[in-house]
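Everything below concerns the one structure shown next.
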Amino acid sequence: MVLAIVMENLKVGYIIEDEVFWAVKGVDLVVEEGTTLCIIGESGCGKSTLASAITGILPPYALTDGKLKLFDHVVINGQLRNYNGIRGKITAYIPQNPGTSLNPFLTVEEHFYYVLRSNFKSDREFSKKIAMEILPKVNLDSSVLEKYPHELSGGMQQRVIIALALATNAQILVADEPTSFIDAHLRLQIIELLGRLQREFKKTLIVITHDLLTTSTICDYIAIMYAGKIMEVGPREKVLRNPRHPYTKMLLETTPILGVKKRLKPIPGEPPSLGKEYQACLFLDRCPYKSKECYSDPQIQVIENSHFSKCWKALEAPWL
Amino acid sequence: MVMKNPEYIIKLENVTAGYLITPPGIRSLIKTRYIVLKNINLSVNKSERIAIVGSSGSGKTTLLKVILGLLKPFSGRVFIYEYDIYRLPWRERVKILKKIGYVPQDPFKSLNPMLRVKDILREPLEAHVIRGYKESKIESKVKSIVKLVGLPEKVLEMYPEELSGGMRQRVLIARALVSEPEVLILDEPTSALDVSVQAQIINLINDIYEQFKPAILLVTHDLSIAQYIADRIIVIENKEIVEEGLIDNVLSNPQSHFMKMAVSSYKDNKNKLKLEF
Amino acid sequence: MIRRSFIILRRSLRKIRFKIGIVISLVAIFLAILAPYIVPRPQEGLGYVPRDVEARRLLPPSIEHIFGTDSLGRDLFSRVIMGTRTALLQVFIVITISFLLGLLLGAIAAYLRGLVEVLLNYFTEIFMAMPTIVIALVLRLTLGHGIHVTISSLIMTWWAWYARIAYVYARGVVELDYVILARLAGLHSLKILHRHIVPNIIQPLIAQAITDLGSVLLEAAAINFLGLGVQPGYPEWGVILYESVFYGGGVEVFTQAPWLIVFPGVFLLLVTLGFSLIGDCLREEIDPRLRRRWRLWF
């Protein structure tokens, strides 16, 4: 068993006008090689920041603390960041908006050429050969090589981006909301494609999303993130069937599912604003099961092998 | 204004609509037509809940513009009550459009950052002032509407930038309700919101329907949201209405490409998760 | 609106650049208002040649004449300080009128669309294409001497830039849903312009106008230097420079009497710098995309 990603109390923040806002407030997470992890959270909970920390696209005004290890490279150690030989070689990034992520002045073939040249010093012939190999894998034929991004539909653009991420031969793929710009009825196709490619190429896949239903169909593990911290981690079936954090349970009940017409139970209130520091449990304001002990920061509770929850009541679980 | 009380509130007859393409420079005065909607027939009756679904770029937003009196169709007629709105001058048209409450798509771009919430909510009532709507009456109306959509009263003194996405969407719904509309038009009301807030808004819309029974016209690309709000569904694909009917019938027996894709993807979803609710 | 302005001002005041700019501009305004009471020889400042010309011609800076004297024996300090008044007067009139004109026409063009938009845009572009100096030349030949030539020729070219900026910003605002909602609520067009469009485009425009104060100052000085605006003898920095070069015996003035060029030049530079610093900081605060996330020494 090789560990692909190891985070030890990882914190990532931004300096905005001389004030530090921590977006990721201490995350401990271990991802095995060749598994799919799905990080689910609402907007502003720091999941995109976590993605950019793994892929190495943090802006220069970002601050870090803790430790991040990718395979045997220590990437973040306290305030030091060293992404040499990481970007494109170990991690690849699948961005959120395919429409603005491709250069409108380059054809798909040239995209492959520039990506491969920067990583392997390859020439045009070689990059074309690789592109021809990979495009069928994402259900595109080689005629798209001559096309410019605006000639492709949104779904095709997303496939091209996935193909580009595969071409670099990186072991860790990080997809940041890969379906949010795609129509609801096409989302499953893209997600299943990602899952199939992950199994075929034995990659480590991190999917960042707020879409619990569609995305969770492909992943092995689910991590629920809230206000900069991971609330619950565990194997997919266990988290969905047997949620040990009230937030997970409420998130499941609030998600609309087609064909199941029940009254939605919304989570009262709004997520806490970015950058605030709390001594108490982060979910305290919105939690219907709160009691006295919840005013202290909850320790991580082990429910089962590789199923953890950050809630004092995880073991009793009154919501089940 | 005497209403003859027809059975429909909004009716579209053979509407073909689209945009005029403007070439750059001096040639911009000569325009060509680009058709987005073809032969649309549609009627919205009293207290009816309709969802218009379709993939992005299928002309849903254009249809809304036509109904709201903002885009004159190339051919066909749009009736609100018995008035053919595009035959009326803008001043008269607006008086009839008062009966339509419109909630736009993006709550982050739909509130003027320079105005307090109370001024935003007053705006639709301002035209009424001439007709003897007293200042104090406006104030109490605004206050009751704010309470209705579940916002605290202190929001009235705040500026939009101090509000979160869900609160902004509530303000927009309140603004649409202020003029006591007969039809509520919602353009992707939850696409910019988080899942937990999305459910709050869906429930709010349902509560409002229970209380006032306005007709609801929902535009969305997400069928799972449509099923919570609407009874009847209209599918737009390739510029035309391809499927229409009660939502349960359409879901159990989908005809169009869009619906087949959507239903099959969700069926897979349910099977894979094996979730029991 | 007022609340937002206060926030922007408070944020800007944290910057040293902004403080420097404010101090320079306040000193300039102060000098302009109190000029006749500060200077030792206000009459000479306004261009009157003293009787003992020969004795006082081209004296270097001393205690009696802080900035020295010019070739007609006038106290340069009095002339430069009196010139502050003219400079600021020209600049504020030009910017205020072209700002209001540009804001109005730009917003109207964006709001009304159609033929009005096309025609107003062409009208604006014609004025943008005109060189200020040529217009000043034409006005000099038709209207005669005077400060009104400088001011009107500058207004004729500057308003078009504001109209263009206002148009571009307003185009973005007009598309937004709150304008559509206001139209559907039956609000009058003038009210929509006043309530929804102008408040949302005015901030970047004001920042631009404050930055432009400096550029207008320089251009006004250039027009007057070329003799197209006010006549020689008028207390204006451009004219003072002109006189020092052409009455002082040509190019030799640079070596023989450098104070004639240095002092009006330094005043021009400082006031321009002051306005630009203020405008720059304001623009950074108003448009977050321009904001720097890291700190330099200032």
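Residue numbers (our numbering), protein chains in the order written: chain A, 1 to 320; chain B, 1001 to 1277; chain C, 2001 to 2298. Even for Gly, the Cβ is constructed at its ideal location relative to N, Cα and C. For clarity, every value in this text was computed on a predicted model and none was experimentally measured.
Inter-residue Cα distance where the pair is residue i and residue j
i: residue 2217 of chain C; j: residue 229 of chain A; result: 56 Å
i: residue 1276 of chain B; j: residue 13 of chain A; result: Confidence in residue 1276 of chain B is poor, its pLDDT being 46 and thus under 50, which makes the residue's placement too unreliable to answer from.
i: residue 59 of chain A; j: residue 39 of chain A; result: 21 Å
i: residue 2073 of chain C; j: residue 2244 of chain C; result: 11 Å
i: residue 2298 of chain C; j: residue 10 of chain A; result: Its pLDDT being 45, under 50, residue 2298 of chain C is placed unreliably by the model, and nothing is read from it.
i: residue 2202 of chain C; j: residue 1242 of chain B; result: 47 Å
i: residue 1146 of chain B; j: residue 1139 of chain B; result: 11 Å
i: residue 238 of chain A; j: residue 168 of chain A; result: 34 Å
i: residue 321 of chain A; j: residue 268 of chain A; result: Nothing about residue 321 of chain A can be reported from this structure: the residues present for chain A run from 1 to 320 only.
i: residue 1002 of chain B; j: residue 1008 of chain B; result: With a pLDDT of 45 at residue 1002 of chain B, under the threshold of 50, the modelled position of this residue cannot be trusted; read the value that follows with caution. If you take the alpha carbons of residue 1002 of chain B and residue 1008 of chain B, they lie about 16 Å apart.
i: residue 2003 of chain C; j: residue 2287 of chain C; result: 17 Å
i: residue 1177 of chain B; j: residue 1168 of chain B; result: 14 Å
i: residue 216 of chain A; j: residue 199 of chain A; result: 15 Å
i: residue 81 of chain A; j: residue 21 of chain A; result: 18 Å
i: residue 1217 of chain B; j: residue 320 of chain A; result: 37 Å
i: residue 1065 of chain B; j: residue 1098 of chain B; result: 15 Å
i: residue 250 of chain A; j: residue 266 of chain A; result: 7 Å
i: residue 288 of chain A; j: residue 262 of chain A; result: 20 Å
i: residue 1126 of chain B; j: residue 1174 of chain B; result: 15 Å
i: residue 1100 of chain B; j: residue 1042 of chain B; result: 16 Å
i: residue 50 of chain A; j: residue 180 of chain A; result: 18 Å
i: residue 1142 of chain B; j: residue 2192 of chain C; result: 21 Å
i: residue 2087 of chain C; j: residue 2221 of chain C; result: 8 Å
i: residue 2062 of chain C; j: residue 2085 of chain C; result: 24 Å
Chain B contact residues for residue i, given Cβ-Cβ distances below 7 Å
i: residue 255 of chain A; result: 1195
i: residue 245 of chain A; result: Going along chain B, no residue has its Cβ under 7 Å from residue 245 of chain A, so there is no contact; the nearest lies around 14 Å.
i: residue 2199 of chain C; result: 1114
i: residue 210 of chain A; result: 1194, 1195
Partner residues on chain A for residue i, Cβ-Cβ distance less than 8 Å
i: residue 1227 of chain B; result: 256, 258, 259, 261
i: residue 1017 of chain B; result: Residues of chain A passing the Cβ test: none, with the nearest at roughly 22 Å.
i: residue 1203 of chain B; result: 263, 264, 266
Inter-residue CB distance, residue i and residue j (contact presumed, cutoff 8 Å)
i: residue 48 of chain A; j: residue 176 of chain A; result: 6 Å
i: residue 245 of chain A; j: residue 224 of chain A; result: 7 Å
i: residue 1230 of chain B; j: residue 1046 of chain B; result: Not confirmed; about 15 Å, so no contact.
i: residue 56 of chain A; j: residue 83 of chain A; result: 4 Å
i: residue 1113 of chain B; j: residue 1160 of chain B; result: 6 Å
i: residue 1195 of chain B; j: residue 210 of chain A; result: 6 Å
i: residue 2039 of chain C; j: residue 2045 of chain C; result: 5 Å
i: residue 2028 of chain C; j: residue 2274 of chain C; result: 7 Å
i: residue 90 of chain A; j: residue 165 of chain A; result: Not quite, the Cβ-Cβ distance comes to about 12 Å (not below 8 Å), so this is no contact.
Where residue i meets chain A, residues with beta-carbon distance less than 7 Å
i: residue 1200 of chain B; result: 266
i: residue 1166 of chain B; result: 270
i: residue 1222 of chain B; result: 184
Within chain C, the residues that residue i reaches when beta carbons sit closer than 8 Å
i: residue 1073 of chain B; result: The contacting residues do not exist; residue 1073 of chain B stays about 17 Å from chain C at best.
i: residue 1106 of chain B; result: 2177
Chain-ordered chain C contacts of residue i [CB-CB under 7 Å]
i: residue 1111 of chain B; result: 2178
i: residue 1048 of chain B; result: Under the 7 Å cutoff, chain C gives no residues; its nearest Cβ is about 21 Å from residue 1048 of chain B.
Neighbouring residues, chain B, relative to residue i (Cβ below 8 Å)
i: residue 3 of chain A; result: Within chain B, no residue comes near residue 3 of chain A; the closest Cβ sits about 28 Å away, beyond 8 Å.
i: residue 251 of chain A; result: 1195, 1196
Chain C residues whose Cβ lies nearer than 9 Å to that of residue i
i: residue 1186 of chain B; result: Under the 9 Å cutoff, chain C gives no residues; its nearest Cβ is about 13 Å from residue 1186 of chain B.
Contact list for residue i against chain A, beta-carbon separation under 9 Å
i: residue 1251 of chain B; result: 258, 259
### Query
Residues in the region 81-105 of chain A with C-beta within 9 Å of chain B's C-beta atoms, listed in sequence order?
So nothing in the stretch comes that close.
### Task
Could you list the residues in the region 261-284 of chain A with a C-beta less than 9 Å from some C-beta on chain B, going in chain order?
Within the region 261-284 of chain A, those residues whose Cβ lies closer than 9 Å to any Cβ of chain B are, in chain order, 261, 262, 263, 264, 265, 266, 267, 268, 269, 270, 271, 273.
### Query
At a Cβ cut of 9 Å, what residues of the region 2118-2143 of chain C count as close to chain B, listed as they run along the chain?
Of all residues in the region 2118-2143 of chain C, only 2118, 2122 come within less than 9 Å of chain B when Cβ atoms are compared, listed by chain position.
### Task
Pull out every residue of the region 1083-1098 of chain B whose Cβ sits closer than 8 Å to any Cβ of chain C, in chain order.
Taking 8 Å as the Cβ-Cβ cut-off, the region 1083-1098 of chain B approaches chain C at 1091, 1094, 1095, 1097, 1098, given in chain order.
### Task
Taking only runs that begin and end inside the region 2008-2042 of chain C, name each unbroken alpha helix (DSSP H) of 4 or more residues, in chain order.
List check, alpha helix (DSSP H) in window: 2016-2038.
### Task
Note down, in chain order, all residues in the region 30-52 of chain A with a beta-carbon under 7 Å from any beta-carbon belonging to chain B.
Cβ contacts with chain B: 42, 43.
#### Entry: Entirely enclosed beta strand (DSSP E) segments - the region 234-306 of chain A, minimum 3 residues
Entirely contained in the region 234-306 of chain A, the beta strand (DSSP E) runs reaching 3 residues are, in chain order, 301-304.
### Task
Quick one: which residues of the region 1051-1070 of chain B get their C-beta closer than 7 Å to a C-beta of chain A? List them in chain order.
Look at the region 1051-1070 of chain B: the residues with a C-beta under 7 Å from a C-beta of chain A are 1055, 1056.
### Within the region 74-137 of chain A, ranges of the beta strand (DSSP E) (whole runs, at least 3 residues)
Here the runs fully enclosed are 91-94.
### Query
What residues in the region 2147-2177 of chain C bring their beta carbon closer than 7 Å to a beta carbon of chain B?
Of all residues in the region 2147-2177 of chain C, the ones placed with a Cβ closer than 7 Å to any Cβ belonging to chain B are 2176, 2177, in chain order.
### Query
Which runs of the alpha helix (DSSP H) spanning at least 4 residues fall entirely within the region 2087-2131 of chain C, listed in chain order?
For the region 2087-2131 of chain C, whole alpha helix (DSSP H) runs of length 4 or above, ordered along the chain, are 2114-2129.
### Task
Below 7 Å between beta carbons is the criterion; list the residues of the region 2073-2105 of chain C that meet it against any residue of chain B, in chain order.
If the cut-off is 7 Å between Cβ atoms, the region 2073-2105 of chain C has nothing near chain B.
### Task
Can you check the region 2126-2167 of chain C for any beta strand (DSSP E) of at least 3 residues that lies completely inside it and give the ranges in chain order?
Restricting attention to beta strand (DSSP E) runs no shorter than 3 residues, the region 2126-2167 of chain C encloses none.
### Query
Can you give, in chain order, each stretch of the beta strand (DSSP E) that sits fully within the region 1064-1147 of chain B and has at least 3 residues?
Secondary structure in the region 1064-1147 of chain B: the beta strand (DSSP E) runs of 3 residues or longer, each lying completely within the stretch, are 1075-1080, 1100-1103 in chain order.
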